[in-house]
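These notes concern the structure reproduced below.
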RNA sequence: CCGCCCAUAGCUCAAUUGGAUAGAGCAUCCGCCUUCUAAGCGGAAGGUUCCAGGUUCGAGCCCUGGUGGGCGGACCA
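Numbering (our numbering), first residue to last: 1 to 573.
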């Protein structure tokens, strides 16, 4: 049950009964301060402006028609026309035993495009945000019951593959195994690049291989397939370590659209959208024109006949609409590609590849910066390989766990360190507003203080520890909640906001609001933990049961929330 | 030249999308462990929200003009 939704219905009815036009919304919001109640309805002021009346009098008229019996303990008009709602403790307590309804009203098929690394190189830290944020949205939408189709639009095609397969051919010629030669894709790429620049004969062969590959030559095709197989396996291993839900069946690489690229261009030309310009086929978009009236150009076919990523993005768009039957398509791609996405979307609409009913959404994100405020790099200035990065996170976490804890044995420490290290990385990324750049700092995210994953994991283990001590199973424990202390009320109210937060994330795709919520929940719980003893001798049995229930619900909510972020919890740490 | 994004406490970040006295965490200072995990809790201090105008009951948020920074803009992706 969503309290906000309930209040919204009641207020809308009251406003209508008070003669307020139906376009005016109650505009409910959480109250900023305790003295302003739990929720506040701010709609009276906007409505009064529209109706040219006194806002406080109008607020009173709304209250006269408002039925919140058994829900609100107190209602009051404040300031220029705010309506403050103090929920009753009994209502909060009884709401906690209502079954949670996490399914969204209208179920959709949602395509989520995320991660999409270039297979020519190894995955690096630049792939972290798309992978982690996209995965969270996929999980959130699945949690709400939508049909989620993950699409990993991997870059497995393009000119650099000629160079790579020529290099691979030489290694294999010397009797080396493909897996061994490609053990370090980054090194391999650098090697072949150096080779390409230094050896003109090799460079000519590489260029020839691009053409042969694209025309379907079997030898080149085999080499290419060997390379792709190893590279894809590398990415899948990273996903596994990151606890990200991308699998082989979600790979829908660029090359899979090859056969459709010519059709896409032909369709655009036939419709008069793509025209020839300097030998290339270009779509000129007036809707993206600048102040001077110059339209924005998007090349869909090069003068030499080759296709570009705009072409395969359009082919992918069509596939997602026609074959995957998407109602909504989400792209988690770097903010630097905003113009490209606008062009693809605009063209897709104009060409009728995408009907108006399908929502196209680019959800961009900022860059991960180092402590110096510049893009995150190694000490020598190179890109940081994701594989190395994850190893370092787990090592750092292990060192911290060994410093703090003496109870866990070696194998337990390994497991806990992995969950903490990986969780910390993901949370550091997810807890910052998606669209902003963010400064990455090992110590801050591993400090176990403040808005971090370890703090939330710690809150969870504290709760589980109580149940261990009481010898009760929290997962099946169920009893009525009775609220007497202010910390209990605050905790109960926070617990009841979970679904509202999820609704918002499913709509606007900003996971940091879930992080903020979970941090608040954990903070509120910690305060409850300090002030409201559960298992102590002088706690009456009924109070103890009620508090155990609050503990169980908090643990379940933390675990659920963290799971939606792809972060694991543990019994002890 | 054109376009997009950003600027909030010493530092890292919020602010329910136009709501009340701009909030957290680090760092600093003061308290709290023979008591369910102190990786914790309570408190203090810290602000001309880059600048100048404008819109209105109300602006960190919207509009205009600046300053400073990041990123894009036909044949890479």
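Note that CB positions come from ideal geometry on N, CA and C, so glycine has one too. As the structure is a prediction and not an experimental result, all values here were calculated from the model.
query = Fully enclosed by the stretch 176-212, which alpha helix (DSSP H) runs are 4 residues long or longer?
reply = 178-181 and 185-198
message = Assuming residue 9 is part of the alpha helix (DSSP H), what are its boundary residues?
response = 3-17
query = Is the CB-CB distance between residue 393 and residue 417 below 7 Å?
reply = no
task = Could you name the residues of the same chain whose beta carbon sits closer than 6 Å to that of residue 329, not counting the 5 residues immediately before and after it, in chain order?
result = 111, 320 and 360
query = Among all the DSSP beta bridges, which residues are the ones paired with residue 113?
reply = 151 and 331
inquiry  = Less than 8 Å between C-beta atoms, sequence neighbours within five positions excluded: which residues of the same chain meet that for residue 477?
reply    = 467, 548, 549 and 552
Meets three-Cβ-pair contact criterion under 8 Å: the stretch 286-295 and the stretch 109-123 = no
message = On the CB-based measure, 16 or more other CB atoms within 10 Å of its CB, does residue 247 come out buried or exposed?
response = exposed
task = Label residue 354 either buried or exposed according to how many other C-beta atoms from any shown protein chain fall within 10 Å of its C-beta, with 16 as the threshold for buried.
result = buried
ask   = Going by Cα to Cα distance, which pick from 16, 535, 241 and 36 is closest to residue 567?
value = 241
Distance CB(residue 493)-CB(residue 113) smaller than 7 Å = no
query = Where does residue 554 land, buried or exposed, given buried means 16+ other C-beta within 10 angstroms?
reply = buried
task = Would you decide whether residue 115 is buried or exposed? Buried here means 16 or more other CB atoms lie within 10 Å of its CB.
result = buried
request  = Could you say which of 96, 40, 97 and 49 lies nearest to residue 75 if we only look at CA atoms?
outcome  = 40
request  = Please say whether residue 528 and residue 487 have beta carbons closer to each other than 7 Å?
outcome  = yes
task = Starting from residue 391, follow the alpha helix (DSSP H) in both directions and report where the run begins and ends.
result = 386-404
key: Neighbourhood of residue 136 by C-beta, 7 Å cutoff - its chain only, sequence neighbours within 5 removed   = 430, 511, 564, 565 and 566
query = If we call anything under 7 Å between Cβ atoms a contact, is residue 144 one with residue 506?
reply = yes
inquiry  = If you reduce the DSSP assignment to three classes, tell me which class residue 578 lands in.
reply    = Outside the displayed span of the chain (1 to 573) sits residue 578, for which this structure offers no information.
request  = Give a yes or no on contact between the stretch 310-319 and the stretch 336-346, applying the rule of three or more CB pairs nearer than 8 Å.
outcome  = yes
request  = Assign residue 415 to buried or exposed, taking buried as 16 or more other Cβ atoms, counted over all protein chains shown, within 10 Å of its Cβ.
outcome  = exposed
ask   = Using the C-alpha atoms, what's the distance from residue 166 back to residue 179?
value = 16 Å
message = Just to confirm the assignment, what range does the alpha helix (DSSP H) spanning residue 510 have?
response = Careful: residue 510 lies outside any alpha helix (DSSP H) and carries neither H nor E.
inquiry  = Out of 465, 106, 389 and 435, which one is the CA nearest neighbour of residue 441?
reply    = 389
task = Could you check what DSSP says for residue 448 in three-state terms: helix, strand or coil?
result = coil
task = Starting from residue 39, follow its DSSP beta bridges and name the residues at the other end.
result = 30 and 85
message = Please tell me whether residue 334 and residue 253 are closer than 7 Å, where the distance is taken between their beta carbons.
response = no
ask   = Per DSSP, which one or two residues make a beta bridge with residue 438?
value = 368
key: Cα-Cα separation between residue 274 and residue 339, rounded to whole angstroms   = 18 Å
request  = Closer than 8 Å by C-beta to residue 327: which residues in its own chain qualify, once you throw out the five before and the five after it? Chain order, please.
outcome  = 108, 109, 110, 357, 358 and 359
message = Helix, strand or coil for residue 315? Go by DSSP, reduced to three states.
response = helix
key: Cβ-based burial, residue 219 [other Cβ within 10 Å; buried from 16]   = exposed
ask   = For residue 474, is the classification buried or exposed, using 16 other Cβ atoms within 10 angstroms of its Cβ as the cut-off for buried?
value = buried
task = Going by DSSP, name the residue or residues bridged to residue 301.
result = 281 and 307
message = Taking contact to mean 3 or more Cβ pairs, one atom from each stretch, closer than 8 Å, check whether the stretch 97-106 and the stretch 41-57 are in contact.
response = no
query = Does DSSP classify residue 219 as helix, strand or coil?
reply = helix
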